[in-house]
Amino acid sequence: MVTVSFNNVWKDYGGGALAVKELNMNIKDGEFVSLLGPSGCGKSTSLRMLAGLEHISSGEIVFGDKIVNTLPPKDRDIAMVFENYALYPHKTIFDNIANPLKQAKIPADEIKRRVIDVAKLLEIEQLLERRPQELSGGQKQRTAIGRAIVRQPQVFLFDEPIAHLDAKLRARMRSELKHLQHKLGVTTIYVTHDQLEALTMADRIAVMNDGVLQQFDTPQEVYQNPANSWVATFVGEPGMSLMEMEMTRMDGDLALAFENKTIKLDLKNKARLTAAGKTKLLVGIRPDKASVSQLEIPGAFECQIYSRQLLGADVLVEVEFGTSRVRAKADTSFVGAVGAVCHLIFRSEDMYFFDAEDGKAIPHQC
Amino acid sequence: MTISASPKTHPAMSDQDWGFLTMSRLPSKYNPAPSRMFYVYLAAPAITLLAAITIYPFLWLVYMSFHKVGFGAREDIFVGFDNFSRMFSDSKYIDGWVLLLKYSAICLSIQVFVGVALAVVLNNSRYEKILITLFLMPMMVSPVVAGLLFYYLYNGTFGWYHWIFESLGLLGEASILASSNTALYGIILVDVWQWTPLITLITLAGLKRVPQDQLEANMVDGAGSISNFFNVSLPNIYPFLLIAILLRFMDNFRFIDAILALTGGGPGNSTRLLPVYLFDVSFQYFKLGRGGAIALTLLIVTIIFGLILVRILEDPARKKALSGETDS
Amino acid sequence: MASREIISYDKGVAIKLLKWISPVFLGFYLIWALLPLFIMFMASFKDLLDAFSVPDAGDWAGVTMFFDFSPTFTHYVALFTENNFGVYLLNSLFASIGSAIIAVTLGSMCAYSLSRSEFRGKKDLLFWIISTRMAPIVAVIVPLYAIFRSADLVGTLPGLILAYTTFNLPFAIWMLKGFFDGIPYAIEEAAQVDGKNRFQAFLMILPLAAPGIGAFVILCILFAWNDFLFSTIIGSGGAKTLPVATKELVQPQNIDWGKIMAAGIVTTAPMIPLGLLVRRYLVAGLTMGAVKD
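Chains as they are written, first to last, in the numbering used here: chain A, 10 to 375; chain B, 1441 to 1768; chain C, 2 to 294.
Following this line, the structure appears as structure tokens:
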């Protein structure tokens, strides 16, 4: 149980390939933090630097009050669950889980007791004499987790552990892992590219893109107040739609100009945008806050249907709105062919605003 | 990339052919289904040639082993199992097996020990590629030339290797090949010189296939590099080594070129391994009948080991390990 | 994203020790591996007297004697003028290339058939094919000699080529089958859909297999060139090859070591570049496809 800090950490692979740039992050004791981002964003590299499997190019990583840069993995008191489980094919499940304890030269009867306890906890005690080849994906993954928790380390590291399980099992494992972590209370860093995993499991999410930390906040904050337009579109499924708009005046009031239409602003956002003083904006709207209808409703915008996808409970309609495409939700009763005309409604209260030049979110007025 | 090979789903097979297939063991040239003929035609030349030069001689071998083979105008005399019974009571035959096994055991022990050590060191070296290419050179030499070369090097009067042995106090004036106590080691050295790189090559291929995440998991579990090697690498390269050992063992049955050049089987019978003895019997004493009997026993043992080798190669778990697929 | 190297921390006495021993070990092995060849090379240029001069036992400083000689080409010249090595070189060349071509031509067709077809007994057929490659040459040679003799093939190049084929053909079938197994059948299917017949479809994938086929031609040449047993029993007389000729230079009296060393160089030299060429396939070739580099 320990705090984990990245202090100005960089990772340079040479030849100008900077995988991690100026990473600063303080993770609390016992916290479940998710490193979220697309492939190549630096999340796995950051995790591996925590583990000691990659050298740190510059900066420090601190566990508690100890700088761990020069410590090999075995001296860091960490445990890691690998994406492909990394089980030892020539050992039984028992020996796989017992491996870290054997390395630490713990007496055999103690090893046996702890391994069986862990196996019972993960419901794999009947598999202890089998080999990894005989196990299913889910069982292998639980073995890998068993190997990690049997040691009671101070930090858990997970590298996309459920990526290769089927969808239903993934959903189950999300809740199992969250429960387990809560029970054990160990500081956990969990790498994933799946924003749903991050949103559902983490106490705080560290969103990364292109080696740079974009935002480090609770799931609610990341969802409701994304720090920039990239985070806004990455988090949330189906993703937010972005439109380029300009500030303009209508009836002496601040409004948004989009194509040849003008959109009125609500009071709160009017104040916010006035204070920011930017002219070119990226405006975002989440699909569940936008709706389409066949009927002409005042305040709705005319648009053309691009695609229609059934999501189960409702329908996701993608419409062409000027030069942008906007995703909106509709009732399952909505029937529109591709190319047909329909009407798009969204409120300015639900809009997200970002500076068109650097993508940063326009700050809220307090 | 591999296509499922089960008959029901093999892509090259069309449905109409199944009736035919259940009736014959080999593609019948007399009653084939239309599209099958293509494969038969294509394979026929090779199969016929191979059959001609292997089955026919094999039958002749069996025939000879039951006869006293005459020369020139002389007839072959049927002798029943006489050749075989004489063979089993022939001390040179028994010694031939003993020497063969002793030779193989010593050669392989040294080759595996040195070869694996070399592979580990090379794997961690910057100069791996250039060095392994240089280390391969001995394998390119014709074994008989290697034998002659070492015959020169071992010579008691002007051999440079003998000079080294003598200077180190390992030998007296007599060449290593001159004494029946040491000659076997002389030929063992040549085999080790030529074929250790093969073990190294195979081990290197295996080492490179050890899944990286297993090594990393072991490091996180608390292991240093030594433990990494014994705990993870070695078990992973085990199938490779097994195959290497089996192949070299079977090669010892086949290649006697170097031994013929070095000692011809002597001094005395100290290097008369069974294949060498067979060579003597057939081409020096010209007792083709007895030679045939010996050859048959040699062949049978080779086939047994060949079956073991194929079993190992075809075993699905081994196959996966050898091709380097990770377990996920 | 992650590097492929296993990270190393320079801790532990064992690792430091290894770092010191490694270059020494590699250096020693390099000398061990190349010294005999080096000596063979040098000795081929030494005349009779120099070839026999070796320092006394224990006289380590005498190593310089090894380098103290005036190089001469007489041995090489003599090989070709007195000992007919030109003929033997050509024999080796024709026999190995001939055998390689036959083996790979017939073998690739057969391998392709076996790769693409399925039938009961296929496993047994494959085992029979590979067992011919495993058979001890000494065992096979006796009846083979008898058969060849009655067919008047002993001492002829075609006879020798045929003899080499006993091990090159099964080798080619086995290895090339593995190769074809790795090429998806989809390409031939596409070709047939496009209107080609079965044989043309086969030809279409040959370019894909070309590097492998090329490598095995060279491997076949390598094995045939270095062979001694078949060459000496079947080939001697009219189809003597370099290894046999080299061995025969060892006469009971007056062994001309300089000449023998020169012959050894002539026999070995062409194989070195060939070996380097197929370096990538060597492991597969020598382990019968069990291990791929």
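Using N, Cα and C, we set each Cβ at its ideal position, and we do this for glycine too.
Item	Value
Residue interval of the alpha helix (DSSP H) (run including residue 1722/B)	1714–1723
Interface partners of residue 234/C on chain B, CB under 8 Å	1723
Of the listed residues 261/C, 282/C, 169/C, nearest to residue 212/C (C-alpha basis)	282/C
Residue 188/C, buried or exposed, once every other Cβ within 10 Å from all chains shown has been counted against 16	exposed
Residue 226/A, DSSP secondary structure in three states	strand
Complete alpha helix (DSSP H) runs within the segment 135–192 of chain C (minimum length 4 residues, chain order)	138–151, 158–182
Minimum Cβ-Cβ distance from residue 274/A to chain C less than 7 Å	no
Coil, strand or helix - residue 7/C by DSSP	coil
Assigned exposure category for residue 220/A - 16 Cβ within 10 Å defines buried	buried
Contacts around residue 296/C, its chain only, beta-carbon distance under 7 Å, and the 5 residues preceding and following it disregarded	With chain C represented from 2 up to 294, any question about residue 296/C goes unanswered, as that position is not in the structure.
Pairwise C-alpha distance: residue 1657/B and residue 1613/B	57 Å
Buried/exposed call for residue 1671/B, threshold 16 Cβ in 10 Å	buried
Proximal chain A residues relative to residue 1667/B, where beta-carbon distance stays under 8 Å	112
Inter-residue CB distance, residue 354/A and residue 362/A (contact presumed, cutoff 8 Å)	With a Cβ gap of about 19 Å, residue 354/A and residue 362/A do not count as contacting.
Endpoints, the alpha helix (DSSP H) within which residue 97/C is located	86–117
Alpha carbon of residue 28/C to alpha carbon of residue 1509/B, nearest angstrom	55 Å
Interface flag, residue 81/A vs chain C, CB-CB below 7 Å	yes
Beta carbon proximity, residue 208/A to chain C, threshold 7 Å	no
Contact between the segment 54–71 of chain A and the segment 115–125 of chain A (3+ Cβ pairs under 8 Å)	no
Counted within 10 angstroms of its Cβ, other Cβ atoms place residue 64/C as buried (16 or more) or exposed	exposed
Same chain, Cβ closer than 8 Å to residue 271/A, five either side skipped, listed in chain order	257, 259, 264, 265
Backbone CA spacing between residue 69/A and residue 209/A [nearest angstrom]	30 Å
Contacting residues, own chain, Cβ-Cβ under 8 Å from residue 298/A (five flanking each side not counted)	355, 356, 359
Pair within 7 Å by beta-carbon distance, residue 104/C and residue 221/C	yes
Test: residue 229/C CB closer than 7 Å to a CB of chain B	yes
Bridge-paired residues (DSSP) for residue 369/A	237/A
Residue-level contact to chain C via CB, residue 1537/B, 7 Å cutoff	no
Inter-residue Cα distance where the pair is residue 352/A and residue 247/A	20 Å
Coarse secondary structure for residue 342/A, derived from DSSP in three states	coil
Within chain B, partners of residue 182/A - CB distance below 8 Å	By Cβ distance, chain B contributes nothing, its closest Cβ being about 16 Å from residue 182/A, past 8 Å.
Partner residues on chain A for residue 8/C, Cβ-Cβ distance less than 9 Å	57, 61, 62, 63, 64, 81, 82
Any chain C beta carbon closer than 7 Å to residue 1685/B	no
Spatially closest choice to residue 1627/B from 1604/B, 1676/B, 1704/B, by CA coordinates	1704/B
Residue from 280/C, 14/C, 53/C, 158/C whose Cα sits closest to the Cα of residue 1602/B	53/C
Rounded straight-line distance, which links the Cα of residue 286/C to that of residue 1498/B	26 Å
Whole-Å CB distance - residue 110/C paired with residue 1482/B, under 8 Å assumed	4 Å
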